[in-house]
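Numbering (the numbering used here), first residue to last: 15 to 496.
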């Protein structure tokens, strides 16, 4: 995919800017080494490849501010990047070499953990898994959890409004942020690092930046919400005949267990087969074969067997009413982790099956079975032999509807049909009044396509906001909006 959003600056401008930026961040804070830059200039799936005259890695918010000011003065755009685990090309510079890459990985301090206010103040470059561990050490839970948590950074999570496996109970990143520190396109620093749960003094400015993918400001630090650490956890793997049954089980589990449902992950039989074939150490938790599976996790702050008893009651009722065909509850943490390994390994397992055209979509919960049926029929009709790989966060309506190439097909030739397949699937999503990006954002990949699914007024408001806050297009140009 090729698209240029700017002209390459003169060599004199670049040389002068590189010298200035190097002086701002010091010898450990910049590089032009092609080998170091290479993985930073490629989108995770290889859909986008960029170029940059320099990557700077500021160590403080003040340095981020100085870098942005210097680039603005030179009229050279800045592309902020966290762990570069995104899937829409939102953190990769374009191919022109006209954009400076700003990595936030050195902004990695946990500034404060405050158990009394159930909050932690952290810098944007902190690895998500490290924040989970730090919260746990303090006797608290930071519930944001996703497959890339070992390498993704919290600034990127916030900038893309990341979802993950616990949205059903705790919400997206948007619901987990109390305050932000942001460097604006002109280099000013907005200090909104407040722990307040209630502040009704006008516009909630932090929400402008959450999910904006670095196009309106660069998140440098955040105050995050913490929760009591669970004292009892129940994890189950359930087999059933269809997706309608999965929705029935969700309703039954809610009736018996209330808001203790933390995760409710839908997995197709094909997904499980891919894992068993390609991921060492995985095994089928159930003896028989089923068309669909659900991974259920329940959490409670109350110790004891009450939560497990409620789960067993829900599953027994569902079994008696022929909603589920089989189920097993993890007896220990090791078994629970084995169940989760299946779910979290699905993207890796897919890689072994050749090209896969991805769709990160959401539709209203009652429409999920019809969406999967209609979308599967549509792609199989126009591309015989393709293999639908459907899984995702059933509890919040987010389905990863991936379409793997027919066995033996040429991968590159198949992936060249990406836009064609997207148009089919996203058209069906639109017919259910759904979203073509549930949690991955727009980046470059879906920037133009979203114009077919949002109203002209929505697009106009987004463009006006970008123009008002970044009139010169200095931050992450060509992403989210034109």
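Every residue, glycine too, gets a C-beta built ideally from N, C-alpha and C.
- Counting only the Cα atoms, residue 190 lies some 5 Å from residue 239.
- Selection 311, 390 and 51 evaluated against residue 354 yields 311 as nearest (Cα-Cα).
- Looking only at 494, 181 and 457, the smallest Cα-Cα distance to residue 474 is reached by 494.
- Membership of residue 407 in the beta strand (DSSP E) is indicated by the continuous run 401-407.
- Contact check for residue 491 and residue 199: beta-carbon distance about 10 Å, past the 8 Å limit, so the pair fails to qualify.
- DSSP, read as helix, strand or coil, puts residue 249 in strand.
- Proximity to residue 86 across 210, 62, 27 and 39 peaks at 27, based on C-alpha coordinates.
- In the displayed model, residue 488 falls within coil according to three-state DSSP, outside both helix and strand.
- Counting only residues of its own chain and dropping the five nearest sequence neighbours on each side, residue 221 has a CB closer than 8 Å to the CB of 188.
- A contact is defined here as three or more CB-CB pairs under 8 Å, and the segment 163-176 meets this definition with respect to the segment 221-231.
- Under the DSSP assignment, residue 274 falls outside any beta strand (DSSP E); it carries neither an H nor an E label.
- C-alpha of residue 278 to C-alpha of residue 377: approximately 16 Å in a straight line.
- By the beta-carbon neighbour count (other beta carbons within 10 angstroms, threshold 16), residue 374 is buried.
- As the crow flies, the alpha-carbon of residue 380 is around 15 Å from that of residue 444.
- For the set 98, 58 and 113, the Cα lying nearest the Cα of residue 68 is the one of 113.
- Runs of the alpha helix (DSSP H) spanning 4 or more residues and lying entirely within the segment 150-196 occur at 168-173 and 181-184, in chain order.
- Going by DSSP, residue 339 is part of no alpha helix (DSSP H) at all; its letter is neither H nor E.
- Listed in chain order, the non-local C-beta contacts of residue 38 below 8 Å within the same chain comprise 70, 72, 77, 80, 81 and 84, local neighbours out to five positions each way being set aside.
- Beta-bridge partners assigned by DSSP to residue 428: none are found.
- Burial check for residue 319: the Cβ neighbour count within 10 Å stays below 16, so the residue is exposed.
- From the listed residues 258, 246, 141 and 57, the smallest Cα separation to residue 275 is found for 246.
- In the three-state DSSP reduction, residue 119 falls in the coil class, being neither helix nor strand.
- Taking each of 60, 452, 148 and 438 in turn and checking the Cα distance to residue 389, the smallest one comes out for 438.
- Assignment of residue 213 by DSSP, reduced to helix, strand and coil, places it in the coil class.
- In this structure, the CA atom of residue 293 is about 45 Å from the CA atom of residue 205.
- Here the C-alpha atom of residue 216 lies approximately 53 Å from the C-alpha atom of residue 297.
- Within the segment 298-350, the runs of beta strand (DSSP E) that reach at least 3 residues and sit entirely inside it are, in chain order, 306-314 and 340-343.
- In the DSSP assignment, residue 420 falls outside any alpha helix (DSSP H), carrying neither H nor E.
- Bounds of any alpha helix (DSSP H) do not take in residue 94; it lies within the beta strand (DSSP E) bounded by 92-95.
- Burial state of residue 133 is buried, judged by a 10 Å Cβ sphere holding 16 or more other Cβ atoms.
- Excluding its 5 nearest sequence neighbours in each direction, residue 163 has C-beta neighbours in its own chain below 6 Å: 142 and 143, listed in chain order.
- DSSP lists 127 and 238 as the beta-bridge partner residues of residue 134.
- Taken in chain order, the complete alpha helix (DSSP H) segments of 4 or more residues contained in the segment 62-102 are 75-88.
- Per DSSP, the continuous alpha helix (DSSP H) segment holding residue 474 begins and ends at 470-483.
- With respect to residue 270, residue 328 sits close: the two C-beta atoms are nearer than 8 Å.
- Relative to the Cα of residue 397, the nearest Cα in the group 336, 419 and 209 belongs to 419.
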